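Those letters in the sequence shown? Residues 2 to 281, per this note's numbering, in order. Read the structure below first, then the notes.
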Amino acid sequence: MSKIDRLVTAIDPVPHAPEQGQDARELFHEIVATQVKARRRVRWPVLIPVAAVLAAAAVTGVAFMPTDAPSGITPAAALAFQRSGDDWIVTVKNLYAGPERFASEFRARGFDIRLSIAPGSPSTVGHVTGGEVTEGTTRIEEESVECESPGGRCAVSFRIPAEFQGSAQIWLARPARPGERYESAGDVDATGELLHCVPFRGMTVGEVRGVLAKRDGSIEEFRVGKRSERAQQVPGNWFVKDAVPTAPGRVLVWAQPDRVKFTPELTTYVEKKMSGCPKG
């Protein structure tokens, strides 16, 4: 059986709204790809073997370590390994360490695992945003999923069999530092995001801009027309169809001159997103 045959789509931690669709996924991927030279996944599902389960577990209260130590001083480990029966529980202590640092510490334990961690919007922090494993892999399993809050501090943990012989690539999201752009993004109305508990679809651009301003946010750019062409500005009375976070305090907005048509699927989706939010 080929490697491709053994890979299956398994996880999509932050699915898009029904009306945003594949074109919006590809567009957002194109936007962030210009900022990323290394191979990344942007909100795409994790690819793993049929027998494997790959996910993130966040452990609260773990402080972030500085990425680099002064010359002559051995830096603190970026990964912590704890034996648990026939497995190793691997916890990422430093979300800001580089891929080579992680790879080196995995190699020291005999694992061919590559870990890349990039800035993500608050609702994706601490979560797997993509990954691959080769044939011959047995399993990589989750421990538990807890974070202090969306976008808060977390350390990601994996349970790996001690006899793990395959190779793997895992992408995770971490909090963005000042000036960084997101390389993975959750729904703009997810918990912790700029438009959480805001029924922004169908609102005017002016209304959404006002809500964002109260939350120290702004519209970075627009996409308009059937081809989602770029626009720096649109009339304030145009209607917002969708939006996606692009950087701290910034969102990209799909806008149109006509009112947004609410299909039954979109209506159900919006109602689900607004459940638990304050009324009025």
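Here a beta-carbon is modelled for each residue, glycine too, at the ideal position from N, C-alpha and C. Quick caveat: nothing in here was measured; it's all calculated off a predicted structure.
Give me the Cα-Cα distance between A244 and A177, rounded to the nearest whole angstrom. 19 Å
Go ahead and label P258 buried or exposed: buried means 16 or more other beta carbons lie within 10 angstroms of its beta carbon, across all protein chains shown. Here P258 is exposed: its Cβ has fewer than 16 other Cβ atoms, across all protein chains shown, within 10 Å.
If you check the beta carbons only, do V235 and A256 fall under 8 Å apart? yes
Kindly indicate the opening and closing residues of the alpha helix (DSSP H) around T269. P265 to M275
Helix, strand or coil, according to DSSP, for V261 in the structure here? DSSP, read as helix, strand or coil, puts V261 in coil.
Please state if the CB of V129 and the CB of A169 are separated by a distance shorter than 8 Å. In this structure, V129 does not lie closer than 8 Å to A169 by Cβ.
Taking C-beta to C-beta, are P120 and R182 nearer than 8 Å? Yes, these two residues count as a Cβ contact at 8 Å.
Could you check which residue in D188, F112 and C198 has the C-alpha nearest to that of K280? Cα-wise, what sits closest to K280 is C198.
Which one of A156, V254, D188 and L173 has the shortest CA to CA distance from G207? V254
Candidates R202, G99 and S276, of which the one nearest L173 by Cα: G99
Return the Cβ separation of A79 and R102 in integer angstroms, given the expectation that the two are a contact with Cβ distance under 8 Å. At roughly 5 Å, the Cβ-Cβ gap stays under 8 Å, so A79 and R102 are in contact.
Just grab the DSSP bridge partners of G131 for me. W172
Best match in T247, G111 and D88 for proximity to I161 [C-alpha to C-alpha]: D88
Sequence-distant residues of its chain with Cβ nearer than 6 Å to L116 (five each side left out): F103 and I171
Assign C155 to one of two classes, buried (16 or more other C-beta atoms within 10 Å of its C-beta) or exposed (fewer than that). buried
Run the CB neighbour count on K227, radius 10 Å, all protein chains shown included, and call it buried at 16 or more, exposed below. exposed
Taking the C-alpha atoms as reference points, what is the distance between E106 and E164? Taking the Cα positions, E106 is about 17 Å away from E164.
Give the single residue among E184, D113 and G111 whose Cα lies nearest to the Cα of G131. Of the candidates E184, D113 and G111, the one whose C-alpha sits nearest the C-alpha of G131 is E184.
Using a Cβ-Cβ cutoff of less than 6 Å, which residues in the same chain neighbour R224 once the five nearest sequence positions on both sides are dropped? W255
Distance CB(R108)-CB(F82) smaller than 8 Å: In this structure, F82 does not lie closer than 8 Å to R108 by Cβ.
Give me the Cβ distance between R175 and Y97, rounded to the nearest whole Å; I'm assuming they're in contact under 8 Å. 7 Å
Alpha carbon of G237 to alpha carbon of G211, nearest angstrom: So the alpha carbons of these two residues sit roughly 11 Å apart.
Which residue from G180, G187 and K242 puts its Cα closest to that of G127? G187
Should S219 go down as buried or exposed, given a rule of 16 or more other Cβ atoms within 10 Å for buried? exposed
Cβ-based burial, T264 [other Cβ within 10 Å; buried from 16]: exposed
For E230 and T247, the rounded distance between their alpha carbons: 17 Å
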